[in-house]
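With UniProt numbering applied, the sequence shown covers 1 to 829.
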Amino acid sequence: MDLGWRARVAGFSVMTAPEALVYHAEASASERRSVDVEEAFLHRPRLLDRKNAAYVLLANASWWLLPWIAIQIIGSAAIRAIGFLFAKLPGYAADEIAAVGLLIIKPRDLLLARKLRKQKRLLSPRIIRQFIPPPGSQIRLALEQARYSLGRFFKADLEDENPDDPMSYSDIGVIDASFDDQDLVIKPRKSNWQSLKNRPLLIGLASTFLISIIASRNRFGSITGGALATPTSGAMDLIAKYSESWHLVGMGSAASTPPWVAILAGASAITFGKVWLFLTIFFLLVPTLAFFAVYRSAKRVGVSIRLAVIGGVLYAASPVIWTSINQGRLGTLVVALLAPSFLSVLPKSINFEALTWRRTYALILLAAFISAFSALFLIIWSGLFGILFISELYKRRFEIKESKPITFLMVADLARIKRITAFFLIPGLLNAPWSTSVILHPTQILQDPGLPLSGGSLINILTFNPGGLSGVPGWILSPFLIFLIAITLSGRYSLQSAIGISLLTIAIILSQITVVGHGSSGTVWTGTLFVFIELIILIPILQIASDLIPNLRNSRVGYGHLLSVVTVAIAIFSITFTSAWALTGGANSLVASGKNEVVPAFISSLSDTPGRPKTLVIGRTGDELNYFISRGSDLEIGDADVAVATPTPVRNAIIDLISGSGLTSSKILGAYGVQYLFLKNPVDQGVVRTVDGIGGFTRSSVTNSGIIWQVVGSRTRVSILDASGAITPINSTKVGAIAELQTPGTISLAEKFDTGWKLLVNGNQVKVSESQLGLPIFELKEAGQITLLHDGTKHRALISAQLIALLTVIVLSLPAGRRRREVPVEELA
């Protein structure tokens with residue numbers, strides 16, 4: 001119609017052929033022909049095209065269809081604009097937004113157009129419906145494209161595995177005249193089971209998944225235990241934890257939440273915000289994903305398919321993977337899935353001068369992602385590139401001295417230094433403000449995400465087994481120690497050998513250190529280090545095997561054959577017995593579903609009352625008595641990572657209470673808002689007699705879970721002490737409080753002291769001070785409306801800056817989109 005109309009306007013006659021098929025060159029749309037837009041706004045053809053297309057739809061649509069069309073136009077324009085921004089095409093993005101905006105700001109033009117159309121209407125407005133794509137068409141198209149991409153992905157992996165593809169006529173060649181059909185030898189067709197031998201990747205994927213699904217029989221449902229705290233009710237709760245400035249953990253904390261909490265919330269979108277479901281699926285798929293990650297990494301360096309599959313099986317069945325699963329080591333498991341790809345691309349990026357900025361930012365983004373789950377990796381990474389940065393400046397010290405620093409920065413070739421600086425600074429900046437707290441509190445470097453849990457003995461560490469409760473038994477030998485010895489003796493991989501030995505030495509030293517943090521204490525977990533050690537060793541050993549196997553076949557039996565047999569035997573032993581253990585006793589792990597809550601239900605219900613009571617929970621683990629202060633529920637994911645040391649008066653009061661000398665324990669605990677004491681089963685009768693006889697604690701009830709005492713004279717979370725000495729409770733929200741006071745006095749807040757606490761009285765701020773017990777208090781000289789809050793302005797500003805920096809790095813790491821004029825005609829067709 002457009003072509004015919006243009007021809008008629010130009011003075012030509014038009015004849016139509018209804019059965020003809022015409023292809024539109026779209027020369028103007030593909031920017032291969034200039035468009036006269038001198039009189040149009042901003043002189044942009046794409047803007048004019050989008051605006052007029054939306055104008056036609058909105059002017060001709062029926063009233064009942066108009067809202068849906070408007071939503072589609074605005075939504076699709078926003079999505080396309082975001083896509084163009086990520087593709088680094090801001091002009092196209094501006095066209096999309098401006099096209100819709102220019103229509104919205106001039107509604108009179110649309111109303112006038114609809115009025116004129118109604119007067120001269122020849123067709124029903126419903127005819128416009130056929131030009132609107134069905135609601136699910138875009139979703140179906142995206143799913144089809146994803147399925148096509150996955151099909152090509154797996155086809156590329158399997159195309160070399162099946163040599164029995166049918167022959168074509170071109171493969172037969174010239175057929176002789178004397179050829180008889182009876183002389184044709186037909187190959188017998190292999191069964192599907194026989195063809196599986198030529199598909200080792202599928203065998204590896206199926207076997208690792210089958211073992212994992214049987215071993216996870218006690219982990220179907222909401223899982224918790226070990227280092228893994230209780231999942232939150234939804235992903236938005238994790239987002240709230242990450243964004244809030246004051247955390248209701250123990251006696252309170254203003255520590256920054258680690259970024260992995262926000263990453264977990266984002267990943268839970270896959271399961272529609274159900275964190276527990278995502279974690280259950282993740283722990284189920286870890287062995288299979290670990291196998292595939294190593295398989296892909298080995299294929300990238302030229303290892304054959306069968307050896308790549310063997311490498312994936314060795315990695316998926318390694319003690320560090322299964323121990324991390326059984327102990328709930330979320331950080332180590334995420335690193336174990338990302339590290340293979342990271343280490344496979346890292347060697348190609350050593351030549352910094354030749355490294356493109358897009359590849360630089362992509363590698364930085366991956367390093368920052370891994371750093372979010374491992375503070376130790378962040379410190380090692382930043383330290384390494386910090387040393388490289390200093391060494392580069394030292395090498396060019398004479399050049400800097402001669403040309404002066406400012407001239408050097410403006411004139412000199414800084415390609416290498418710029419990239420090293422980016423590698424050094426940006427991963428830490430993307431993880432700020434948490435990374436800043438790691439630097440200020442160095443003990444956090446040695447702490448893994450989640451609850452503290454001690455690792456294994458020195459013997460376990462030497463055999464590449466991080467050990468610990470419900471971990472892989474020490475008698476199941478890991479082959480990676482022999483692999484390390486093999487690559488060291490070969491002499492071909494001196495760098496990998498040196499790095500592996502260095503990391504193993506660090507792991508041995510760290511495993512003997514006991515660190516206090518995350519609300520408890522334990523030896524340093526070295527599983528994340530073993531992930532990198534195994535990957536650094538595994539790829540070279542596969543390359544050695546690919547070169548060694550042909551040589552062994554063509555040589556006489558000797559020491560090489562004997563050592564190879566011993567190595568293979570230990571590897572088979574490790575894979576077999578690790579799998580057998582995982583299927584049997586390994587299924588009874590610390591991480592399981594269906595665990596009961598620690599705190600009794602009626603105490604949990606009291607936590608939502610205006611008094612916001614706390615509960616001191618004391619329990620026995622082996623021969624040790626442990627305690628934590630509960631806000632009415634068990635520790636959730638992310639709580640342990642922001643928990644800080646218990647205030648000294650509270651810690652001393654608890655120790656004195658258990659030892660029997662705490663005559664003032666109830667007063668101190670009561671001042672901090674601890675209203676209940678709960679002793680978990682199995683109870684220690686000595687502790688029971690001590691609490692009953694020390695005074696200040698009234699036994700409330702005895703349940704199947706344990707014994708509960710009420711603390712005599714305990715305060716609510718917020719209270720005021722007036723001039724007469726009377727203490728009046730003030731209703732409190734979860735963090736702050738709003739109330740109308742009739743008399744002045746001293747307001748006491750049963751939280752750990754922090755300068756971020758603010759109190760407004762009739763709109764005027766009152767200065768916070770610290771009491772003798774370490775509580776924040778406010779001296780009020782007048783009565784009136786009060787507002788108590790924790791000022792999180794600085795924290796929110798840092799989070800906003802982090803988000804902006806993250807989006808910037810993501811955009812810079814993505815490939816740039818092509819303008820329409822740069823796309824080949826064949827692709828447009």
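Just so you know, even glycine gets a beta-carbon here, dropped at the ideal spot from N, CA and C.
This structure is a prediction, so every number in the text was calculated from the model and none was measured.
What are the boundary residues of the beta strand (DSSP E) that E770 is part of?
768–770
Beta carbon of V320, beta carbon of P466: below 8 angstroms?
yes
For the candidate residues R796, S769, T793, N762, whose alpha-carbon lies nearest to that of Q785?
The shortest C-alpha separation from Q785 is found at N762.
For the beta strand (DSSP E) containing T271, name the first residue and the last one.
Neither: T271 is in no beta strand (DSSP E) and is coded neither H nor E.
Starting from the Cα of K395, find the closest Cα among R416, T407, M410, L376 and give me that residue.
Comparing Cα-Cα distances from K395 to each of R416, T407, M410, L376, the minimum goes to R416.
Could you check where the alpha helix (DSSP H) with A739 kicks off and where it finishes?
From DSSP, A739 is part of no alpha helix (DSSP H) but of the beta strand (DSSP E) over 737–741.
Stretch pair the region 697–707 + the region 634–651: three plus CB contacts closer than 8 angstroms
no
Hey, V515 and L446 are a contact pair by Cβ (cut 8 angstroms); roughly how many whole angstroms apart?
5 angstroms
Taking one C-beta from the region 224–231 and one from the region 327–335 each time, how about it: are there three or more such pairs within less than 8 angstroms?
yes
Mind checking S168: buried by the 16 CB within 10 Å criterion, or exposed?
With a pLDDT of only 47 at S168, under the threshold of 50, the placement of this residue in the model should not be trusted, and no figure is reported.
Are L110 and A78 close, meaning C-beta to C-beta below 8 angstroms?
Not in contact: L110 and A78 (Cβ atoms no closer than 8 angstroms).
Run through DSSP, which three-state label would T584 get?
coil
Look at the alpha carbon of S666 and the alpha carbon of S748, and state the distance between them as a whole number of angstroms.
17 angstroms
Applying the criterion that 16 or more other CB atoms from any shown protein chain within 10 Å of the CB defines a buried residue, is E740 buried or exposed?
exposed
Straight-line CA distance for D165 to I305?
At D165, the pLDDT of 48 sits below 50, so the modelled position is not reliable; the number obtained from the coordinates is stated separately. Using only the alpha carbons, I get a separation of about 18 angstroms.
Below 8 angstroms on the Cβ atoms is my guess for V303 versus S546; work out the distance and round it to an integer in Å.
Right, the Cβ-Cβ distance comes to about 6 angstroms (below 8 angstroms), so this counts as a contact.
Return the bridge partner residues of F678 from the DSSP annotation.
V617, I708
Can you give the Cα-Cα distance for K348 and I380, rounded to whole angstroms?
20 angstroms
For P340, which option in A367, W322, R359 has the closest C-alpha, if you only look at C-alpha atoms?
The shortest C-alpha separation from P340 is found at A367.
For L504, report the span of its alpha helix (DSSP H) as first-last.
494–510
Assuming the contact rule is C-beta atoms closer than 8 angstroms, W525 and D413 should be a hit. Round their C-beta distance to whole Å, please.
Contact between W525 and D413 fails: their C-beta atoms lie close to 44 angstroms from each other, not under 8 angstroms.
Which two residues bound the contiguous beta strand (DSSP E) that contains L775?
Element bounds for L775: n/a, residue is neither H nor E.
To the nearest angstrom, report how far apart T567 and Y361 are at their CA atoms.
T567 and Y361: Cα-Cα distance of roughly 40 angstroms.
Start-to-end residues for the alpha helix (DSSP H) that takes in I810
Run containing I810: 793–813, per the alpha helix (DSSP H) assignment.
Whole angstroms is fine: what's the gap from I485's alpha carbon to L451's?
34 angstroms
Expected contact under 8 angstroms - CB spacing of I73 and L48 to nearest Å:
Their Cβ separation, rounded to whole angstroms, is 16 angstroms, which puts I73 and L48 out of contact at 8 angstroms.
Exposed or buried, what is W322 when buried is set at 16 or more other beta-carbons lying within 10 Å of its beta-carbon?
buried
Just to confirm, are G673 and R717 a CB contact at a threshold of 8 angstroms?
yes
Identify, in the order they occur along the chain, each residue of the same chain with its Cβ nearer than 6 angstroms to the Cβ of L388, setting aside the five sequence neighbours on each side.
I420
With 16 other Cβ atoms within 10 Å as the buried cut-off, status of Q772:
exposed
Quick one, which of I513, A10, S574, I406 has its alpha-carbon nearest T463's?
S574
Hey, how far is the Cα of V472 from the Cα of P815?
43 angstroms
Assess, as a yes-or-no matter, whether the region 233–243 is touched by the region 594–608 under the definition of 3 or more beta carbon pairs within less than 8 angstroms.
no
Pick out whichever of I364, V313, P258, M251 has its Cα sitting closest to the Cα of S243.
If we check each option's Cα against that of S243, P258 comes out closest.
Measure from the alpha carbon of residue 873 to the alpha carbon of each residue in M251, S661, L65, then state which is nearest.
Any question about residue 873 goes unanswered here, given that the chain covers just 1 to 829.
Assuming R715 is part of the alpha helix (DSSP H), what are its boundary residues?
Careful: R715 lies outside any alpha helix (DSSP H) and carries neither H nor E.
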